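One structure is given below, encoded as structure tokens.
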């Protein structure tokens, strides 16, 4: 069993990446950093709508 949680994505990440040709990659990179900073021990698995699906890191 894995520990998962949903994190609401701050709307600012949508407008911060608007207009860039690599918007998807940039958005995912920003979001991965946001999750690791605000939820230590968790990492981004995938994005569903405006929710980030995260799993706990077991090192």
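In my numbering, the protein residues as written are 78 to 136. Cβ atoms here follow ideal geometry from the backbone N, Cα and C, with glycine treated the same way. Model, not experiment: these values are computed from the prediction.
The beta strand (DSSP E) enclosing residue i, as first and last residue numbers
| i | result |
| --- | --- |
| residue 120 | 119-125 |
| residue 129 | 128-133 |
Residue from the options with nearest C-alpha to residue i
| i | options | result |
| --- | --- | --- |
| residue 123 | 115, 106 and 100 | 106 |
Coil, strand or helix - residue i by DSSP
| i | result |
| --- | --- |
| residue 85 | strand |
| residue 90 | helix |
Rounded straight-line distance, which links the Cα of residue j to that of residue i
| i | j | result |
| --- | --- | --- |
| residue 98 | residue 109 | 19 Å |
| residue 116 | residue 83 | 11 Å |
| residue 104 | residue 135 | 25 Å |
| residue 96 | residue 114 | 25 Å |
Nonlocal neighbours in the same chain, by C-beta distance under 8 Å from residue i, ignoring five residues either side
| i | result |
| --- | --- |
| residue 112 | 84, 119, 120, 121, 129 and 131 |
| residue 87 | 111 |
Residue interval of the alpha helix (DSSP H) (run including residue i)
| i | result |
| --- | --- |
| residue 110 | 100-115 |
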